[in-house]
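Below is one structure; the comments refer to it alone.
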Amino acid sequence: MHVSSPLSALVLPASRRRGGRRRAAFAIALALLTDFHPAAQEELDVTRFAGGVRRVPIALTGFGGQVATVLAFDLEVAGFEIVSEEQAEYVLKGSNNSQVEGHLTHLLDKTNLVDKVFTGGGARVQAHALADEVVAAITGKPGIARTKIAFKGLKNGNSEIYLADYDGHNATALTHDNTVVAAPCWVPGQRKLYYTTYLFGNADIIAHDLTTGARPVIARYSGSNMSPAASPDGRKVAMILSKSGSPDLFVADADGKNLRQLTQTREDESSPCWSPAGDWICFATRMNGRRVLAKVPSTGGRVQRIPIAEVLNPSEPDWSPDGKWIVFTAQMGSFQLCVVPATGGDARVLVAGEDPSWAPNSRTVAFTRRVGPGKRVISLLDVPTKQFKDTAHSLGACSQPSWAR
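What follows is the structure, encoded as structure tokens:
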């Protein structure tokens, strides 16, 4: 039996929702789970990726209290369905006292996939670590239960930037400025965030170092300085500036120097995001009177429209870390989360919501869900099954999540 310590889960990462039980159906579902889109098909199939995969049934036995709750949450977010042992294809047996012990068995062939004990860090951390082991053993992909998110939180009439575990627990305020803040963005591979603040009376962009606490302003031009987006290597930052009149797309070095303008239109550009290779920047704009998504080489060049069918008024794009998908918000009466192949094509409506942000696994999306007048929560969507779960929340409203990769 292997003993692991999940204490590393306490450190911010170094890198930013039944049917039959037939073996053939399970094999198809597992293949989809392990590749996040149908690998056997030559063309991307948005319908099968978004809502075309059934949840994998798993039973949990022997766990109690907080550990049982955390395990169930983590596995449901990952695309599993918690069922009785008689209905399961996998069984996770274990116990939890001062440590968490877990044994995962595949019932179809009686294979033992996980046999570990987790110590240190407390029950919640140990449970997250076990959940990640289960996900990795079944899907072949790393779990996300020990990742972090940043978001904007509203409390007592003030908005601040918060950091939390991916499930919303252990939320702490990063800022205490009693002003308006917006659009937090992790810098990949670094303990640093960009965000917009009105701390100095204007919409300025700040780079916040989580280690030293330093908060240099990297963009303070006349007009608005909005929507910072760090490049995958952390060396560049895209942003929307209105210094020349209408909001245009700019790119600068990570410290804000060597500013370069990439678009110059009369339209309002917004919400830039980078391709995983860092060679393209996707953003929302208008062309021929219609709201569209477009992309431009990150070093400058011709703007290209990303063709999207089936939905209208796209905005807030986010490019998946594997490069295959773009998730975005569409306004069709209400805000809807949609996904489209990165090359364009038919879009698939996922769920009502906005502010999407991909997890490192290119499968799960954090988003903002409206649950009442003035009340918003951060939810986690498993794109292949279209199942979502709300994160823990104690604030008046939470929005604009950014997932650390």
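My numbering numbers the first residue of the sequence shown as 219 and each following residue consecutively. Where is the CB? At the ideal position from N, CA and C, for every residue including glycine. Computed from a predicted structure; not experimentally measured.
Legend entry - C-beta atoms of residue 597 and residue 571 nearer than 8 Å: yes
Legend entry - Cβ shell of residue 486 (< 8 Å), same chain only, five flanking positions each side left out: 464, 465, 503 and 504
Inset, instruction - Indicate whether residue 295 and residue 600 have their beta-carbon atoms separated by less than 8 Å. - result: yes
Legend entry - Nearest residue (CA-CA) to residue 377, options 467, 363, 413 and 568: 413
Legend entry - residue 398 in three-state terms, based on DSSP: coil
Inset, instruction - Give the range of the beta strand (DSSP E) segment to which residue 371 is assigned. - result: 366 to 373
Legend entry - Rounded straight-line distance, which links the Cα of residue 577 to that of residue 569: 17 Å
Legend entry - Exposed unless 16 or more other CB atoms sit within 10 angstroms - verdict on residue 394: exposed
Inset, instruction - Taking residue 596 as part of the beta strand (DSSP E), name the residues at either end of that continuous run. - result: 593 to 600
Legend entry - Sequence-distant residues of its chain with Cβ nearer than 8 Å to residue 247 (five each side left out): In this prediction, residue 247 has a pLDDT of 38, which is less than 50 and means its spatial position is unreliable; what the coordinates show is noted afterwards. Contacts found: 271, 272 and 274.
Inset, instruction - Go to residue 287, then tell me how far its alpha helix (DSSP H) extends in each direction, as first and last residue. - result: 283 to 295
Legend entry - Same chain, Cβ closer than 8 Å to residue 605, neighbours up to 5 away in sequence not counted: 235, 273, 294, 297 and 599
Legend entry - Local Cβ density within 10 Å of residue 512, reported as buried at 16 or more and exposed below that: buried
Inset, instruction - Would you mind stating whether residue 532 and residue 546 have Cβ atoms separated by less than 8 Å? - result: yes
Inset, instruction - Report the residue from 529, 499 and 536 whose alpha carbon sits nearest the alpha carbon of residue 521. - result: 499
Inset, instruction - Determine the contact status of residue 457 and residue 445, defining contact as a CB-CB distance below 8 Å. - result: yes
Inset, instruction - State the start and end residues of the unbroken beta strand (DSSP E) segment that holds residue 408. - result: No beta strand (DSSP E) holds residue 408; DSSP gives it neither H nor E.
Legend entry - Reduced DSSP category for residue 567 - H, G, I as helix; E, B as strand; rest coil: strand
Inset, instruction - Give the single residue among 396, 432, 375 and 453 whose Cα lies nearest to the Cα of residue 415. - result: 396
Legend entry - contact_flag[the segment 277 to 291, the segment 303 to 310] where n(CB pairs < 8 Å) is 3 or more: yes
Inset, instruction - Whole angstroms is fine: what's the gap from residue 424's alpha carbon to residue 583's? - result: 25 Å
Legend entry - Where residue 240 falls, given that 16 or more other Cβ within 10 Å makes a residue buried: For residue 240, the predicted structure reports a pLDDT of 34, less than 50, and the residue's modelled location is therefore unreliable. A value from the coordinates is still provided. Its Cβ having fewer than 16 others within 10 Å, residue 240 is exposed.
Legend entry - Beta-carbon proximity list for residue 607, same chain, < 8 Å, skipping 5 on both sides: 235, 291, 294, 295, 597 and 598
Inset, instruction - Assuming residue 341 contacts residue 285 (C-beta within less than 8 Å), just tell me the rounded distance between them. - result: 5 Å
Legend entry - Secondary structure of residue 495, DSSP reduced to three states: coil
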